[in-house]
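Engineer: My questions will all concern the structure given below.
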Amino acid sequence: MHVVMIGGSDAGISAALRARELDPAADVTVILEDAYPNFSICGIPYYVSGEVTHWRNLAHRTTADLAAAGMRLRTGTTVRRIDVPGRKLLVTTPGGGEEVLGYDKLVIGTGAVPVRPPITGLSGPGALGPAEGVHLLHSMGDTFAVMRTLEETAPASVIIVGAGYIGLEMADALTIRGLHVTQIEQLAEVLPTVDPQLGALVHAELASHGVEVLTGTTVRAISTALPGASGRLQVQATAADDTAVTRQADMVLVVVGVRPETTLAAEAGATLGVKGAISVDQMMRTGLPGIFAAGDCVITHHRLLGETYLPLGTTAHKQGRIAGENTLGGPRQFAGSLGTQVVKIFDQAAARTGLRDHEARAAGYDPVTTETQADDHKAYYPGSHRITLRVTGDRTTGRLLGMQLSGHKDAEIAKRTDIAVTAIYHGMTIDAVSDLDLSYTPPLGSPWDAVQMAAQAWVRQTPAGSISGRC
Ligand SMILES: Cc1cc2nc3c(=O)[nH]c(=O)nc-3n(C[C@H](O)[C@H](O)[C@H](O)COP(=O)(O)OP(=O)(O)OC[C@H]3O[C@@H](n4cnc5c(N)ncnc54)[C@H](O)[C@@H]3O)c2cc1C
């Protein structure tokens, strides 16, 4: 049995490791077009900031570790075509030659590529690119280009287009490197994946570290600045009230999201679904014989919403592992995502899981959302921090649908979010969250954890929710 993975990042490598783990005799080949198998691209901002001192440290595992796990790695090799009936791949080798490679089972893990928004000067003839200090950021190759600009041209300032989690992490990273950062976001608040009340806390954190934040502002054009300007590049934008906004900087970073890389799969006849991602069932089967797919190139099964597109590393790892297991016969099902995310910006963390109010309403629930503030541990013990929690539950059933948290990076925001994840996963009511036997000692928590205080506040403000059954 020859199992082949296309893609050597989170999804492809997870699939390969699982196949080898289950069957040490399985013949497993991973093909990737770049030279960086199993690199944690999630760690890129921390390499750019200098907190991670060498790019090689971003590797989850070294090439030697992967070889020791028994997989064959074909780096610098691009798959051009999948011959579905013949179970063969046409590949371009590092030397530029062509080769045909057979497979019995295939996992497509081709990931995503960054979105290039319709900004004049970013695409088309004469477009500005890394040589001029204009960058997109997704891969290790993009990272090396960013580092070249930083090290060879010593920019004093940067404009970051986009204030999603990657844009925010890069604002943090480039401020640490000493650049003055202007962050421009088209939507009304930064970090639009959480409610604006929490986005505003992140906004304040950026401002307190000297980042100029322009929200409700759409970038229209990037061009070379005229001599004598305060930066090498000029960005023209339009504010929400239609006024023109112009900023100059030495570097521009455009990070406005990704789209699934599905060319190979689509040409092979795979069905595409939400946002053009490859349609897969919960066993990660594409519907093409012997072909599975996982990671940023596929749709995401969401436990509360059905099919969505949520390109995240944590999801890619899980889906890849399932695809790898199922190449050997499985049967394993992807249990579904809750869209859980967490981000650290300077000293602040923000997280979400499940649904926000408007998402729950659109999905047919009768949502109520309440906001609570609570201490991360007993305030009498030094170093306590206030956490803001927003709880969304269904009025009719009292079921927990979503939770958003923001607070100091040391306030265990991520792990508290994971309490909510576990509760939503198991269909718990918000009332039942108070029954959880959570740990307590004054330096680390409270007799009622912040999550339980937020749950109790929701129940108090939503009497109908408190009469529902417990899970
Ligand atoms: C800066 C940054 C920070 C992030 N932070 C987080 C985070 O904190 N938490 C989180 O959950 N997620 C985070 N993510 C997202 C996460 O990194 C991705 O969801 C994850 O890496 C997706 O893995 P993947 O294997 O599906 O695809 P990708 O990582 O996109 O890899 C695709 C692979 O396919 C290969 N490939 C593509 N086409 C071909 C072809 N034709 N032939 C051969 N090989 C091919 C590529 O070489 C690559 O190896 C972050 C992403 C970035 C860029």
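Quick note: the sequence shown uses the working numbering, first residue 20, plus one each step.
Note that beta-carbon positions come from the ideal geometry of N, C-alpha and C, so glycine has one too.
Report buried or exposed for S356, applying the criterion of at least 16 other Cβ atoms within 10 angstroms of its Cβ.
Structural biologist: Its Cβ being crowded by 16 or more others within 10 Å, S356 is buried.
Engineer: Helix, strand or coil, according to DSSP, for K337 in the structure here?
Structural biologist: In this structure, K337 counts as helix in the three-state DSSP scheme.
Engineer: Is T194 a contact residue of ligand 1, with contact defined as CB to any heavy atom under 7 Å?
Structural biologist: Checking every heavy atom of ligand 1 against the Cβ of T194, none is found closer than 7 Å.
Engineer: Can you give the Cα-Cα distance for G446 and A379, rounded to whole angstroms?
Structural biologist: Near 14 Å, if we compare the C-alpha coordinates of A379 and G446.
Engineer: Beta carbon of Q367, beta carbon of V221: below 8 Å?
Structural biologist: Yes, the Cβ-Cβ distance between Q367 and V221 is below 8 Å.
Engineer: Considering Cα atoms alone, identify which of G309, P386, G250, A30 is closest to A289.
Structural biologist: That would be G309, whose Cα lies nearest to the Cα of A289.
Engineer: Work out the CA separation of V177 and T234 for me, nearest whole Å.
Structural biologist: Roughly 16 Å between the two C-alpha positions.
Engineer: Could you compute how far the alpha carbon of T97 sits from the alpha carbon of G115?
Structural biologist: Going by the C-alpha atoms only, they are around 10 Å apart.
Engineer: Return the residue from the list V23, S403, G160, L419 that minimises the CA-CA distance to A393.
Structural biologist: It is S403.
Engineer: Identify the continuous beta strand (DSSP E) that holds G426 and give its terminal residues.
Structural biologist: Residues 419–427.
Engineer: Assign S485 to one of three DSSP states: helix, strand, or coil.
Structural biologist: Residue confidence for S485 is low, a pLDDT of 47 falling below 50, so the modelled location carries little weight; the figure read from the coordinates is stated next. Reduced to three states, the DSSP call for S485 is helix.
Engineer: Report the residue from A312, L41, L85, I101 whose alpha carbon sits nearest the alpha carbon of F58.
Structural biologist: It is L85.
Engineer: If we ignore side chains and look at the alpha-carbon of each, how far apart do P136 and V275 end up?
Structural biologist: When rounded, the distance between both Cα atoms is 7 Å.
Engineer: Measuring alpha carbon to alpha carbon, tell me which of V200, G247, Y399, A44 ends up nearest P462.
Structural biologist: If we check each option's Cα against that of P462, Y399 comes out closest.
Engineer: Rounded to a whole number of angstroms, what is the C-alpha to C-alpha distance between A54 and T94?
Structural biologist: Distance between the alpha carbons of A54 and T94 is about 5 Å.
Engineer: Quick check on DSSP: helix, strand or coil for G218?
Structural biologist: Here G218 sits in helix by DSSP.
Engineer: Tell whether a beta-carbon distance below 8 Å holds between L252 and T265.
Structural biologist: Taking 8 Å as the Cβ cut-off, L252 and T265 do not qualify as a contacting pair.
Engineer: To which residues of the same chain is T319 closer than 7 Å at the C-beta, ignoring the five residues directly before and after it?
Structural biologist: Contacts found: T327, Y328, L329, T334, S356.
Engineer: At a cut-off of 7 Å, is V119 close to ligand 1 when judged by its beta-carbon and the heavy atoms of the ligand?
Structural biologist: Flag unset: Cβ of V119 not near ligand 1.
Engineer: Would the stretch 34–54 and the stretch 164–177 be scored as touching if the rule is three or more Cβ pairs under 8 Å?
Structural biologist: No contact exists between the stretch 34–54 and the stretch 164–177.
Engineer: What's the C-alpha gap between R37 and G27?
Structural biologist: Going by the C-alpha atoms only, they are around 14 Å apart.
Engineer: What distance in whole Å lies between the Cβ atoms of W477 and G412, which are believed to be in contact at a cut-off of 8 Å?
Structural biologist: About 6 Å separates the two Cβ atoms, so the contact holds.
Engineer: Taking the alpha-carbon positions, what's the G140 to G247 distance?
Structural biologist: Approximately 20 Å, taken between the alpha carbons.
Engineer: Would you call the stretch 338–345 in contact with the stretch 155–166, where contact means no fewer than 3 C-beta pairs closer than 8 Å?
Structural biologist: These segments do not touch.
Engineer: If you follow the alpha helix (DSSP H) that A285 is part of, which residue opens it and which one closes it?
Structural biologist: Residues 282–286.
Engineer: Hey, quick one: how far does the beta strand (DSSP E) through L85 stretch, first residue to last?
Structural biologist: It is not in any beta strand (DSSP E) - L85 instead sits in the alpha helix (DSSP H) that spans 82–87.
Engineer: Since I406 is in the beta strand (DSSP E), which residue starts that stretch and which ends it?
Structural biologist: Where I406 is concerned, the enclosing beta strand (DSSP E) stretches over 405–413.
Engineer: In the DSSP assignment, what are the bridge partners of H154?
Structural biologist: Beta-bridge pairing links H154 to L272.
Engineer: Does the distance from the C-beta atom of T257 to that of I203 stay below 8 Å?
Structural biologist: Going by C-beta atoms, T257 is not nearer than 8 Å to I203.
Engineer: Rounded C-beta distance between G31 and V49? I'm assuming under 8 Å.
Structural biologist: With a Cβ gap of about 6 Å, G31 and V49 count as contacting.
Engineer: Please indicate yes or no: does the CB of T96 lie closer than 7 Å to some heavy atom of ligand 1?
Structural biologist: Answer for T96: yes, Cβ within range of ligand 1.
Engineer: In this structure, does DSSP put S458 in helix, strand or coil?
Structural biologist: In the structure shown, S458 sits in coil (DSSP, three-state: anything other than H, G, I, E or B).
Engineer: Return the residue from the list M472, E280, G332, G383 that minimises the CA-CA distance to G325.
Structural biologist: Taking only the C-alpha atoms, the option nearest G325 is G383.
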